[in-house]
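What follows is a short report on a single structure.
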Amino acid sequence: MMLGPAIELGLEVTVLATGPAESAAQGAARVRIGRHDDEEAVRALADEVDVLTFDHEHVPPPILHGLVRDGLAAVRPGPDALVHAQDKLLMRERLTALGHPCPRWWRATGPADVEAALDDVAAEGADRRSARVVVKTPRGGYDGHGVRVVSSGEDVADWFTEHGELLVEELVPFTRELSAQVARRPGGETVPFEVVRSRQQDGVCFEVIAPAPDLDPAAQRSIQDLARAIAEDLDVTGMLAVELFETADGRVLVNELAMRPHNTGHWSMDGAVTGQFEQHLRAVADLPLGSPARTAPHAVMVNLLGGSRDDLAAGAREAMAQDPSLKVHLYGKDVRPGRKVGHVSCAGEDPEELLARAHRAERLIIEGRRSVEDQGGAATEENA
Ligand code: ADP
Numbered sequence: 001m002m003l004g005p006a007i008e009l010g011l012e013v014t015v016l017a018t019g020p021a022e023s024a025a026q027g028a029a030r031v032r033i034g035r036h037d038d039e040e041a042v043r044a045l046a047d048e049v050d051v052l053t054f055d056h057e058h059v060p061p062p063i064l065h066g067l068v069r070d071g072l073a074a075v076r077p078g079p080d081a082l083v084h085a086q087d088k089l090l091m092r093e094r095l096t097a098l099g100h101p102c103p104r105w106w107r108a109t110g111p112a113d114v115e116a117a118l119d120d121v122a123a124e125g126a127d128r129r130s131a132r133v134v135v136k137t138p139r140g141g142y143d144g145h146g147v148r149v150v151s152s153g154e155d156v157a158d159w160f161t162e163h164g165e166l167l168v169e170e171l172v173p174f175t176r177e178l179s180a181q182v183a184r185r186p187g188g189e190t191v192p193f194e195v196v197r198s199r200q201q202d203g204v205c206f207e208v209i210a211p212a213p214d215l216d217p218a219a220q221r222s223i224q225d226l227a228r229a230i231a232e233d234l235d236v237t238g239m240l241a242v243e244l245f246e247t248a249d250g251r252v253l254v255n256e257l258a259m260r261p262h263n264t265g266h267w268s269m270d271g272a273v274t275g276q277f278e279q280h281l282r283a284v285a286d287l288p289l290g291s292p293a294r295t296a297p298h299a300v301m302v303n304l305l306g307g308s309r310d311d312l313a314a315g316a317r318e319a320m321a322q323d324p325s326l327k328v329h330l331y332g333k334d335v336r337p338g339r340k341v342g343h344v345s346c347a348g349e350d351p352e353e354l355l356a357r358a359h360r361a362e363r364l365i366i367e368g369r370r371s372v373e374d375q376g377g378a379a380t381e382e383n384a
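Per the UniProt record's numbering, the sequence shown runs over residues 1 to 384.
Next up, the structure:
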């Protein structure tokens, strides 16, 4: 999704992809086939370019430190920043040391440490038998893989064998999840996007509303300031996404960080003057940052999560025909149940109406189903 904006900005992009079928490899003019954890492949790419950036956080830090040491390319974000998006234990340690608000957390090296965290939680009022904590693998998690809510250390015994150390967190009784994104250039200029609300199911984001409804201007500003402070403290270059929990008593706690364009920012591709992919490129190429202003009072984004149908094209065509102001983005990935294979977005006046339109298109594309109201009240039926 960076390729379109790169062409518009006149930037030449070379993609490192593990195979020719990867989405980015299908779209890029220049592709190197190789793995992101193969030092030789990454160094060969770095040798060819001025700036190296990422669309995921899985390049091993030693490889990136080697590039910086040898001056092969400017690595943006740099490895010392990126590690806080790669390792959730390091992220918690650093944010806590910097005084940024986090859930209560513990480092665990075995089931007994999880039991001790459960004791701590129970000591604060929860019944010990019903006490629960969230356990996370420090590295490699995504979309809820690597997150378990447990009531016993034995529930994650397998993970200790695999990962050694785990992150344990209090189960935050959040009222909603928010996300704050900010772009930062190498020289320190930052531009925040508006804070959005994201909704997840089983750890997977399915819907985003921009701006977050009913967030008062002071809270909006203080969350943007938090995101900016984290970007500065960690010396992030490019887009930073700060995923947050909002609690009933008005607290905002950092859940996790991503240092790249993020799912919760996809709305900006169609709903803001400058989309997050363009903004990331401007930031890492050290170009002036674009305006993050919304182009309508509200924008919504709904993810297309794979269902049982392989063919998304027929439903996508119908969604486009039904709603010409809605934008459909398909990623060219094989459909697997629950996999993010695209998203739809629309912008306008009324967030409820926007959500209804986006979900109608989503069902049409994923399931081939028209909603009842589209059929004049007839029973829902398979459409394709
Ligand atoms: P991933 O790296 O898979 O995105 P996250 O750490 O963001 O993992 O967790 C996925 C989801 O699990 C979150 O969006 C949130 O809904 C829930 N979650 C994570 N941590 C906590 C917590 N400490 N308390 C309550 N819910 C949590």
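For glycine and all other residues, C-beta sits at the position ideal for the given N, C-alpha and C. These numbers come from a predicted model, not from an experiment.
- Proximity of the beta carbon of Pro103 to ligand 1 is indicated: a heavy atom of the ligand is located closer than 7 Å.
- Distance from the Cα of Val134 is smallest, within the candidate group Gly203, Gly66, Val75, for Gly203.
- Residue environment: Gly338 is assigned as exposed (fewer than 16 neighbouring CB atoms within 10 Å of its CB, all protein chains considered).
- Apart from sequence neighbours up to five positions away, the residues of its chain that approach Val13 with a beta-carbon distance below 8 Å are Met2, Leu3, Ala6, Ala28, Ala29, Arg30, ordered along the chain.
- Of Gly342, Gly307, Ala81, Ser325, the smallest CA-CA separation from Arg336 is found for Gly307.
- Looking from the CA of Val242, the closest CA among Thr161, Thr274, Ala85 belongs to Ala85.
- Between the C-alpha atoms of Glu349 and Ala180 there is a straight-line separation of about 22 Å.
- In chain order, Arg185, Pro186 place their CB closer than 6 Å to the CB of Asp286, counting only its own chain and leaving out the 5 sequence neighbours on each side.
- Ranked by how close their Cα comes to the Cα of Ala131, the residues Pro211, Leu67, Ala319, Val172 have Val172 in first place.
- Runs of the beta strand (DSSP E) spanning 3 or more residues and lying entirely within the stretch 97 to 178 occur at 105 to 108, 133 to 136, 147 to 150, 166 to 170, in chain order.
- Comparing alpha carbon positions, the residue from Pro292, Pro138, Phe245 closest to Met239 is Pro292.
- Sixteen is the threshold: since fewer than 16 other Cβ atoms of the shown chains lie within 10 Å of the Cβ of Thr161, the residue is exposed.
- The stretch 113 to 132 makes contact with the stretch 146 to 162: 3 or more CB pairs, one atom from each, lie closer than 8 Å.
- When C-alpha distances from Ala44 are compared across Val168, Leu72, Val191, the shortest belongs to Leu72.
- The criterion of a C-beta distance shorter than 8 Å is satisfied by Ala210 and Trp267.
- Beta-carbon to beta-carbon, Leu234 and Leu244 are separated by about 16 Å, too far to satisfy the 8 Å threshold.
- For Glu256, the uninterrupted beta strand (DSSP E) segment begins and ends at 252 to 258.
- Of the residues assessed, Gly164 falls on the exposed side of the cut-off, its CB having fewer than 16 other CB atoms within 10 angstroms.
- In the DSSP assignment, Val284 falls outside any beta strand (DSSP E) and lies within the alpha helix (DSSP H) extending over 276 to 284.
- For Phe174, same chain residues with a beta-carbon under 7 Å away, outside a window of 5 residues either side, are Phe245, Glu246, Thr247 in chain order.
- Contact check for Phe193 and Ala258: beta-carbon distance about 13 Å, past the 8 Å limit, so the pair fails to qualify.
- Of the heavy atoms belonging to ligand 1, none sits nearer than 7 Å to the Cβ of Gln181.
- Val42: member of the alpha helix (DSSP H) spanning 39 to 48, first to last residue.
- Cβ contact annotation for Lys333 (same chain, cutoff 7 Å, sequence separation greater than five): Ser23, Arg339, Val341, in chain order.
- At a cut-off of 7 Å, the beta-carbon of Lys340 does not count as near ligand 1: no heavy atom of the ligand is closer than that.
- The Cβ-Cβ distance between Arg76 and Thr53 falls below 8 Å.
- For the pair Ser222 and Asp310, the Cα-to-Cα distance works out to about 44 Å.
- The Cβ atoms of Ser198 and Thr264 sit closer than 8 Å to each other.
- Per DSSP, the beta bridge partners of Gly342 are Leu304, Leu330.
- Leaving aside the five residues that flank Val42 on each side, the residues in its chain whose CB is nearer than 6 Å to its CB run, in chain order, Ile63.
- Residue state for Pro192 is assigned as strand, using DSSP reduced to three classes.
- Taking a C-beta distance under 8 Å as the contact criterion, Leu289 and Ala296 do not qualify as a contact pair.
- Sequence-distant partners of Ala74 (beyond 5 residues in either direction) whose C-beta falls short of 6 Å from its own C-beta, in its chain, are Val51.
- If you ignore the 5 residues before and after Gln276, its C-beta comes within less than 6 Å of the C-beta of Met239, Pro261, Gly265, Ser268, all in its own chain and listed in chain order.
- Taking Ala81 as the centre and dropping the five residues before and after it, the same chain places the C-beta of Leu234, Asp235, Val236 closer than 6 Å to its C-beta, in chain order.
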